[in-house]
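**Q** Below are the structure tokens for one structure; questions will follow.
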Amino acid sequence: MEEIRVLENEKLRFSKPAMRILENEHRYLTYLMDEWHAIVLWFEQHRILDLEEGRKQLEKLRTQIIDFRVSLKKHTEKEEEHFFSMLGTYIGFEQGPLVGIQEEHREIEGYIDHFLYQTEGDLSLLTLDEIQEATKNAGEAFEVLTVHFIKEETVLFPMAEQQINRNDLTKLCDKLNTLIS
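Using my numbering, read the sequence shown as starting at 1468 and increasing by one per residue.
Have a look at this one:
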């Protein structure tokens, strides 16, 4: 059992517990994203599709994105309230990577909200074109999220591990150690 735990820990790239929490949340969110992105890909691969099947798949996609959004919102709030505010005291708030990352949070939220707006109400009233257009917004959200996670893990997380002192990392870990699911 100890061997398995060690192997699982080796899969995580970061050594500081606070960064490991965020990295693990990214993995969980990516798992959820992959589930609903499979439906987006289905729409992309089936250009001419049965309207009924399209509506059924859209309903499934909408449900999965609504569920995903809850966890994403909790994760984003934790990052902005605790992680970014802590890192910002070390690297600044007005320019640099924190500004761009926070803008991406708004962009991601916009794509998801637009998809949900396009698909609210009676799905049986949507045309094939409207369904295809809505799924494009879900696809854009997936693309931006994927790149966003990579940026955080290649820029912000290493920066935090190097710059934030041990006491602040411990405080940060305590604040981040909450569930997003």
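Beta carbons: idealized from backbone N, C-alpha and C, even for Gly.
1. Figure out for me which residue from Ser1482, Ser1648, Val1622 and Ile1647 has the closest Cα to the Cα of Leu1554.
2. Would you check if there are 3 or more beta carbon pairs closer than 8 Å linking the stretch 1557-1566 to the stretch 1585-1595?
3. Which whole-angstrom value describes the C-beta separation of Glu1544 and Gln1569, a residue pair presumed to lie in contact below a C-beta threshold of 8 Å?
4. Taking the beta carbon of Asn1604 as the centre, do at least 16 other beta carbons fall within 10 Å, making it buried, or is it exposed?
5. List the endpoints of the continuous alpha helix (DSSP H) containing Phe1510.
6. At which residues does the alpha helix (DSSP H) containing His1581 begin and terminate?
7. If Glu1647 sits next to Ser1482, beta carbons under 8 Å apart, how far is it from one beta carbon to the other, in whole angstroms?
8. Could you check what DSSP says for Ile1598 in three-state terms: helix, strand or coil?
**A** Answer, in terms of the structure:
1. Val1622
2. no
3. So it is not a contact: roughly 12 Å between Cβ atoms.
4. buried
5. Pro1484 to Gln1512
6. Pro1564 to Gln1585
7. Contrary to the premise, residue 1647 reads as Ile rather than Glu in this sequence. Not confirmed; about 22 Å, so no contact.
8. helix
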